Amino acid sequence: MNSFRFIHLVQFVVLMGLQILLMRNLVLYDRGFCFVYIGFILFLPIDIDKVLLLILAFMSGITIDLFYDTAGMHAAATVLMAYLRPSMLKLLTPRDGYEVSDNASLTSMGWRWFLTYAMVLIFVHHFTLFFLELNGFKLIGFTLAKIIISTLFTGAVLVIFQMLFFERRARGFR
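Using the UniProt record's numbering, you'd call the opening residue of the sequence shown number 1 and step up by one each time.
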């Protein structure tokens, strides 16, 4: 097992552990929920195989479903986010293209790129998750507030996570 796979395995275990043990109980005013486990999918390399990406998304979502007793809602939201990830990456391709060693990370791609990429995909995940949980369009105002606050909360925590644990690259911050 090379170091690249080991790093992503450790990242998976750490993010799942954080989600299950800590973030599950961290709620802002009954509206803001933090789902750091989706960072595992967001931080994967840009050139990852699409089928592998969907399998990893399903595995991470179903793991959370097992602990949250949510019957596949996290798996569905995470797989949809992973399905849309390649399109989002294609949409945000830099003028010079991606380098082989690029990861989808703040330190590798810069602030503007990462915040656009992450916030859109986090919003898709949360929108799907909360509307699946709601099972319809009743209480739409409360649900939209949960989606927006949770998106900002999750995005802020993932940015902090990246700033603490990811090494700085040659491209630096843009």
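Ideal Cβ placement from N, Cα and C applies to all residues, glycine included. Quick caveat: nothing in here was measured; it's all calculated off a predicted structure.
Proximity to M16 [Cα-Cα], best of G39, R31, V124: Of G39, R31, V124, the residue nearest in Cα terms is G39.
DSSP three-state assignment for G32, whether helix, strand or coil: Three-state result, G32: strand.
Helix, strand or coil at N135 according to DSSP, with G and I counted as helix: Note: N135 maps to coil in three-state DSSP.
L92 versus W113 - alpha carbon distance: Going by the C-alpha atoms only, they are around 7 Å apart.
C-alpha distance - L158 paired with K138, whole-angstrom precision: Approximately 30 Å, taken between the alpha carbons.
Alpha-carbon spacing of L26 relative to L52, whole angstroms: CA-to-CA, the gap between L26 and L52 works out to about 31 Å.
CB of Y117 within 9 Å of CB of L89, strictly: Yes, Cβ-Cβ distance for Y117 and L89 is below 9 Å.
Beta-ladder partner(s) of V10, from DSSP: Paired residues: none, contrary to the question.
Nearest-angstrom Cβ-Cβ length linking M81 and H125, presumed shorter than 8 Å: The pair is a contact, with the Cβ atoms about 4 Å apart (cut-off 8 Å).
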